[in-house]
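Just so you know, the sequence shown maps onto residues 3 to 441 in our numbering. Structure first, then comments.
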Amino acid sequence: MNEMTDETSGAAGSPSSSGRSAGAQDSRFAASMAYFERAARVIPGGIYGSKSPGFLVPGHFPYYLSRARGSRIYDADGNEFIDYLCGYGSQIVGYGNPAVDGPALEQARKGDLLNQPHPAMVELAERLVGLVDGMDWAVFVKNGTDATTLATSIARADTGKQVIIAAEGAYHGAANWCSTNVFPVFLQAEQRDVRFFPYNDVQALEALFEAERGNIACLILTPYHHPTYKPQQLPTPEFTAAVERLCRAEGAYFIVDDIRANFRLDMHGSHKFFSVHPDLITMGKALANGYPISVLLGTDGLRKTASSFFITGTYWMSAVPMIAALATLDEMERMGGTARLAELGRVLKDGLESLGLEAGFRARVSGPPAIPYLTFDEDPDLYLNQRFCAAMADRGVFMHPHHNWFISLAHSEEDIARTLEAARSAFAELSSSLATERP
3 MNEMTDETSG AAGSPSSSGR SAGAQDSRFA ASMAYFERAA RVIPGGIYGS
53 KSPGFLVPGH FPYYLSRARG SRIYDADGNE FIDYLCGYGS QIVGYGNPAV
103 DGPALEQARK GDLLNQPHPA MVELAERLVG LVDGMDWAVF VKNGTDATTL
153 ATSIARADTG KQVIIAAEGA YHGAANWCST NVFPVFLQAE QRDVRFFPYN
203 DVQALEALFE AERGNIACLI LTPYHHPTYK PQQLPTPEFT AAVERLCRAE
253 GAYFIVDDIR ANFRLDMHGS HKFFSVHPDL ITMGKALANG YPISVLLGTD
303 GLRKTASSFF ITGTYWMSAV PMIAALATLD EMERMGGTAR LAELGRVLKD
353 GLESLGLEAG FRARVSGPPA IPYLTFDEDP DLYLNQRFCA AMADRGVFMH
403 PHHNWFISLA HSEEDIARTL EAARSAFAEL SSSLATERP
């Protein structure tokens, strides 16, 4: 992939400006850069994981954010952005939503991490079991990796089999068994029993089930495919039918990893949106509008095995995120729920594709409208995508060049209109710069 540099696109400016000089760019992010230089001395890599500078476009995006409100984020230097990453999907009713923060902070004053669970744990479990289609019990953890690892472990324990099947390029967490990182040989051994197949490829999946017959504990899939750096893929009806048929025939459990999409597609779970019937579901991110909590939900057939596990973590039963989750579910319904998210997403998608075409680009927005991601047909290495997202950041709109975006219920029609206005200018800048670069 081509590396993006400060010189490859217009320079940074205020949310309403079209660009500044490279010197002004450096000045715009002076505090961010100073924090990063300090971090590099005490934190491996300065900023690790998907939040690292290399995952964005250096010189066009801030390294540190200091506050947020509604659909806006503010960096360490005070720059403002309309945000389409939403805390990597965790914000669904808007940053600092008082309907969520009010009861959460009230509970924090009373006590968060207590010796025994708060009654809200029961209330939230009951709420989710009644809400999420087909699920009979719930276990709370802290992040997606906790939930997916627990799900596959329960499936392995219940079946007595070891093999996990997953789609190539899918992300199911940062544990060694599912991480996409390149590990030393002794860590790669933890992926020894994980098998991969191309998403939506029924023949490849059938061949894999045949090759591993009698050994498969579970198949874990996101409700739709959202690999990093690539367009998103929705499942075909033939594929979802094959998944359920093959799992039933093998006696393997079907796990839907709904951590990322969560309640953005259907208030009853993304599996309901796609008409599939999993045995286990993991949820997180937007469950509590950014407060740290995830959940594993399951069917009655796995209740006994789940209850036999020693499931614990020091912070797994903290009360504040559970209170926040209950309030978030209420607030989602009040603010318009998934229908509102889809409506805003469709306006953004149609506008971006139309503006791209006007500027001479085959720009396509893939995935469900509430979780969009833009790529260019003529851009196999995402170089144009990096340049476009950098130009949008220069105009005060935060759109990640490599990761799918998110719509929140805090986004307004005005936000979308301002975003499309910025996109018109960004597409024009990109078209103009490419014309001068061509021999």
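Don't be surprised by glycine CBs; every beta carbon is placed ideally from N, CA and C.
In the structure shown, what three-state DSSP assignment does residue i receive?
i    : result
F256 : strand
M401 : coil
Y76  : strand
L411 : coil
H227 : strand
A191 : helix
Q388 : helix
L432 : helix
Y37  : helix
A393 : helix
P55  : helix
I418 : helix
E423 : helix
D138 : coil
Confirm, please, whether the CB-CB distance from residue j to residue i is below 8 Å.
i    : j    : result
T161 : A219 : yes
T230 : A290 : no
I418 : L346 : yes
A395 : L432 : no
W179 : A308 : no
Y86  : M334 : no
T301 : A149 : no
I313 : V141 : yes
A110 : V322 : yes
R197 : V165 : yes
R389 : A424 : no
I325 : A106 : yes
G175 : T147 : yes
A256 : P280 : This sequence places Phe at residue 256; Ala is not what is there. Cβ distance < 8 Å, so F256 and P280 count as in contact.
P225 : H273 : yes
I409 : A372 : yes
A244 : V297 : no
S54  : G61  : no
I84  : T421 : yes
A78  : P64  : yes
L236 : I167 : no
Tell me where the alpha helix (DSSP H) around residue i begins and ends.
i    : result
D148 : 146-161
G339 : 339-360
L210 : 204-213
S272 : 272-275
Q109 : 100-112
L267 : Segment: none, L267 is in no alpha helix (DSSP H) and carries neither H nor E.
M123 : 122-133
Taking residue i as part of the beta strand (DSSP E), name the residues at either end of that continuous run.
i    : result
V196 : 196-199
R366 : 365-368
D85  : 82-85
T284 : 282-285
T377 : 375-378
S305 : Residue 305 is actually Arg in this sequence, not Ser. Element bounds for R305: not the beta strand (DSSP E) but the alpha helix (DSSP H), 305-310.
R71  : 67-71
Quickly, what does DSSP pair residue i with across the bridge? List them, please.
i    : result
E439 : Note: E439 sits in no beta bridge, so no partner.
C220 : I166, Y255
S296 : V143
Q235 : H227
Y50  : Answer is none; Y50 lacks a bridge partner.
Y97  : G72
Under 8 Å by Cβ, that's how I've got residue i and residue j pegged, so tell me the actual separation to the nearest angstrom.
i    : j    : result
E375 : Q234 : Strictly speaking, residue 375 in this sequence is Tyr, with Glu absent from that position. Y375 to Q234, Cβ: 5 Å. Contact.
G292 : N264 : The Cβ separation is near 12 Å, so there is no contact.
L58  : P403 : 7 Å
G315 : K144 : 6 Å
Consider the C-beta atom of residue i and the heavy atoms of the ligand FAD; say whether any pair is separated by less than 7 Å.
i    : result
L152 : As for the ligand FAD, it is missing from this structure, which has no ligand bound.
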